[in-house]
Amino acid sequence: MSFELISEKDYPIPRKDKGKAVVREYSNESQTETPGRNIDIEKTYPDGRRNDLTDETRNEENVTSQTHILEKSPSNQSEDLWKASLAVRGMVCATCAAAIKNKLKNKPWIKKYDVSPITNSATVEFLNEINQQKIVDAIEDAGFEAKILSVDRVTTSPTKAKSRQRIVRIDVEGIVNGNQQSQILNTLQSLDGILDVKDSVQYENLSLTVTYIPDPPSFTVRKIIDTIAAVDPSLKTSIYHPPTLEESCRKFQAREQFRFLIRALITLVIAIPTMIIGIIYMSLVSNNNRVHIFFMKPLKAGISRAQWALFILATPVYFFCADVFHEDTVNEIIKMWGSKSDIRILQRFYRFGSMSMLISIGTSIAYISSIAQLVYAGIHPPAMTDNNLFYFDSVVFLTLFLLAGHLIELYSKAKTGDAVSMLANLRPVEAHLLDSESADNHINIKVDLLECGDLVEVFCGESPPCDGIIVSGDTSFDESSLTGESKAIRKKVGDEVFSGTVNNNSAITIKITSITGDSMLDKIIGAVRDGNTKRAPIQRIADRLTKFFIPLICLIAIVTWGIWLEIVMSDKLPTELLNSSLGSRVSWSLQFAIAVVVIACPCGLALAAPTALFVGNGIAAKNGILAKGGGEAFEKAAKLKHVVFDKTGTLTIGGEPQVTNHRYVAHTRDEGELYLAMTKEIELHSNHTIAKAIVSFCSCYELEQMKISDNIEIPGKGMKGIVHRNFAASQEVIVGNEALLSEYGVKISQSARFLIDTWKSEGKSIALTATKPWIADDISMPSQRESLWKLAAFFAITDQIRPEAPGVIEVLKEKGIGVWMLSGDNKITADRVGSQIGIPAENIIADVLPEQKAERIEILRRTLINPDNFLWRQNCNLIAMVGDGINDYPALNAADVSIAIGSGSDIAITSADMVLVNSDLRSLITLLDLSKFIIFRIKLNFGWALVYNLVALPVAAGALYPIARNGTHLRLDPVWASLAMATSSISVICSSLLMRSRVPGLGYRPPKISNKSIIEV
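Everything in the sequence shown is counted per numbering that gives the first Met the number 0, starting at 0 for the first residue and increasing by one.
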């Protein structure tokens, strides 16, 4: 029997009517759904071609696959891993965070932790849920207040089955007696769809945790609330939402801000008379001024009225206004030297203290030394008061400047992390729910009362309350708030719209697909929040410095005081102290020690990196980039030397590839369309883009409807199944690439081979279909069975290259970054695509199965290493992987920086360090530029903080004292030292905040990008 090749030119494609639907029928086995088994298959075979249909005939194979996962996947280990988010009150600097870390690091059940003094928060990954209270105890043992905000189970599984089940907490106010409570519980438990109800009563409030399966419009959370209201209309019900990390941190920050604000205002009020007496009338007015004479007259023990007045003014400032610093210092000392302290004795002498301790020491030295002068004067009354030996006015101004500095710092730190708050404010609070009985009417309800499946109207200028699909109307949306894309996006029926975006034109009706907490906006907020908790390796520099900063400053202050005391005791300097008492000389030398203690500032070092990363993370989110990997991902992205791209869906559009050529091996047209029908039925159950293209193409024909069974996916190669026809023999069918057909012994004729090679040379992907008769309980030899396979059809699929891809590749090359392509497609097709976008053939790795992609990344890394250059080994072999599909998951994990295209699968986005939300490759250039900008600003902040301390400390210690002008020696008064200290940390924060500025050189400006090129600005 002979076969002939029949082209599509011989049979024009008949287009179906627009409204005509195709009905698919399945065998009984395939109608049996097995939730979770698909998930296991996806974990075992991380490939883009996924089978969504499961059946009982595959139980044995699926169990085997799942066992394989349990043996090899670390995500399935028996560890009970949890993640807790906590709000922490009382942190003022990096040393506070370090104290908490020291408490957490010694716990063997804690696997990972991070503490942020910027957001006053901590995240801890730990074993066993019952240990969560021990985390709070450990933080409180360090001297801080902690509150658990959330505790969630940690899973590294790339995919997760989405359940229709919903859990809500409903608060009921106005419960008078237990009968009402029982009546409410009984009524709820009688409802169909309620799975579980838990209750707790506090005073007159009832808290219900309801687990149910929504079925709108008949059974929703609205129905549950109405049922409760029917018991007693006087009861007030509301859905409880636990406070977010940002809300709790804002409360803590507000308390801290109020705490410092009250003290700063009181100090400011006291500072006014202090300035009038201590500066104006003691130093600036003429000696003949009557008020000056009045204040300078001795009042008691030879001490002037001015000093007694300053003593009265400084005392409440020291004991009340500066108490925030004293309390922290006392707590630190108790925690360090108390009986419960686990710090080694030797460490207590060289690793201690915080910024509060330095401030407390500085103000205490000034106040106590002045008190000592008063006591000494009472014992040995002086002939004349030397006002330069008293520091009461310094206590007031020191406290004022330090409180004001901390207050400004608190406000500034809150500003650096407002990206999450800004995103959260994009969500509307009300929705226009369409009445189920009358489609023309709508009612306004709160967003948290919506369910998946509800129909909601979105008017012009409004944002969708939740993510949904348009079911009526067409319009355009401004999605810049989520993707950074300023161009309006046209939306029609069937398109997805997102909460947080804005409807620019006409009103539309949408069907809710994800409720609050599961929307794209919530995922973006979660990604930004997670990114803020991940530190950059460069921050370790600050950690190492701040560990020993406070003890070092205390040592320098003591040495400074000792040197100046030795100088004045040897009668070398200054001349006005030659005839003074010992107390006067001690007090005079103390001013240098006070200045050293007050001017030293570890805050600038500690804030240099986190503030820049917080602001940078917000900028990235505004530009459609989610930095899930946080600071580490930014730092690695700034050092990238090589970028590896996946082909399908990354360099190509991927979403809607098209079949451009096809052939089937048949005698007649009917036989050819029979092969198309078989191909379509097999490919219907795959999510791979090539499978979708084939299904779309086959749907253009009026094809016979068939049943299918035993449909399985062969990772990286294709699909296989059994097709059952009415009144005809069943056929086994395989659809996939050439490697799959070769495994089954399918022979390809010379004429077919010629066409296939021609299509591949044009950059097209190839899919082939082969069939053989299906025989139940076939007992023939494998070789005999394989020989029955015959080529039935083959297709050429073109995936359009992204228009921006050539320009992006060109710019990467100009930046000195190596560009590579990693593809599962054949070498000829991959080389053709590479030549069109500018990737050389030697940088294209083709014919790679999904499980081999990670291995190829590792091989590439080893190939790029220069063993003779240590710096090259450390930095210059960093590789980024850019992908979108499930089959990219292993490669994304193997790369140093994983970057996912936002339009890609959830598994790729879950495993990626960075996500390009707007699916535009030009965002990759923005990401690389922004990463370098952020790291540069961190280094600038570090440089400024280091230079400040290196210059300020010698000046405060008196290095400039030998320089005299008009008889006055240059020295830094403790008051001005405190002002310099406050300015130091504030300047670092302002430097980070300036990243948002539009001023060239100060703020970040994304490059102007076109499809053909990228213009640096």
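Each residue gets a CB set at the ideal place from its N, CA and C atoms; glycine is no exception.
Computed from a predicted model, the values in this text were never measured in an experiment.
Take the alpha-carbon of T94 and the one of A890: they are about 39 Å apart.
When only Cα atoms are considered, W758 and S420 end up about 52 Å apart.
The residues A487, I488, R489, K490, N503 and N504, in chain order, have a CB closer than 7 Å to that of S475 in the same chain once the five nearest residues on each side in sequence are set aside.
Secondary structure in the segment 628 to 659: the beta strand (DSSP E) runs of 3 residues or longer, each lying completely within the stretch, are 641 to 645 in chain order. For the pair of segments examined, the segment 594 to 609 was found to touch the segment 347 to 364: the number of CB pairs separated by less than 8 Å reaches three. Inside the segment 496 to 564, DSSP marks whole beta strand (DSSP E) runs of 3 or more residues at positions 507 to 513, from first to last along the chain. DSSP places A121 in the uninterrupted beta strand (DSSP E) bounded by S120 to L126. Taking a C-beta distance under 8 Å as the contact criterion, I514 and E450 qualify as a contact pair. Beta-bridge partners assigned by DSSP to T797: Q657. Of the residues A605, F497 and I924, the one whose Cα lies closest to the Cα of I540 is A605. Minimum Cα-Cα distance from I134 among the listed residues W81, P232 and K852 corresponds to W81. Counting C-beta pairs closer than 8 Å gives fewer than three between the segment 609 to 624 and the segment 823 to 837, which falls short of the contact rule. When the alpha-carbon of C697 is set against those of M705, I566, P961 and V658, the nearest one is in V658. Per the coordinates, the alpha-carbon of R534 lies some 10 Å from the alpha-carbon of E634. Rounded to whole angstroms, E680 and D756 show a C-alpha spacing of 27 Å.
When secondary structure is reduced to three states using DSSP, R921 falls in the helix class. Under DSSP, the beta-bridge partners assigned to P772 are Q730. Of the candidates V585, S518 and A829, A829 places its Cα closest to the Cα of D798. In this structure C602 touches M354 by the C-beta definition: roughly 6 Å separates them, less than 8 Å. Nearest to A607 by C-alpha distance, out of N948, A958, A979 and L939, is L939.
Below 8 Å, too few C-beta pairs join the segment 247 to 262 and the segment 204 to 221 to call them touching: fewer than three. Straight across, the Cα-Cα distance linking L927 with D477 is about 25 Å. Taken through DSSP and simplified to helix, strand or coil, P241 comes out as coil. The DSSP-derived three-state label of N948 is helix. By the neighbour-count definition (other C-beta atoms within 10 Å, threshold 16), D466 is a buried residue. In this structure, W587 keeps its C-beta atom at 8 Å or more from the C-beta atom of V614. Secondary structure at M913: strand, using DSSP grouped into helix, strand and coil. Looking only at L402, N440, A137 and T532, the smallest Cα-Cα distance to D341 is reached by A137. Sixteen is the threshold: since fewer than 16 other Cβ atoms of the shown chains lie within 10 Å of the Cβ of D570, the residue is exposed. Excluding sequence positions up to five before and after C320, its CB lies within less than 6 Å of the CB of R262, I265, T266 and T398, all in the same chain and listed in chain order. Excluding its 5 nearest sequence neighbours in each direction, V290 has C-beta neighbours in its own chain below 6 Å: Y280, listed in chain order. G582: member of the alpha helix (DSSP H) spanning L581 to I598, first to last residue. Within the segment 362 to 406, no beta strand (DSSP E) run of at least 3 residues lies entirely inside it.
Under DSSP, S199 forms a beta bridge with S206. Straight-line spacing of the CA atoms in I707 and R724 works out to 9 Å.
The alpha carbon of I844 has as its nearest neighbour, out of D645, L923, S685 and I652, the alpha carbon of D645.
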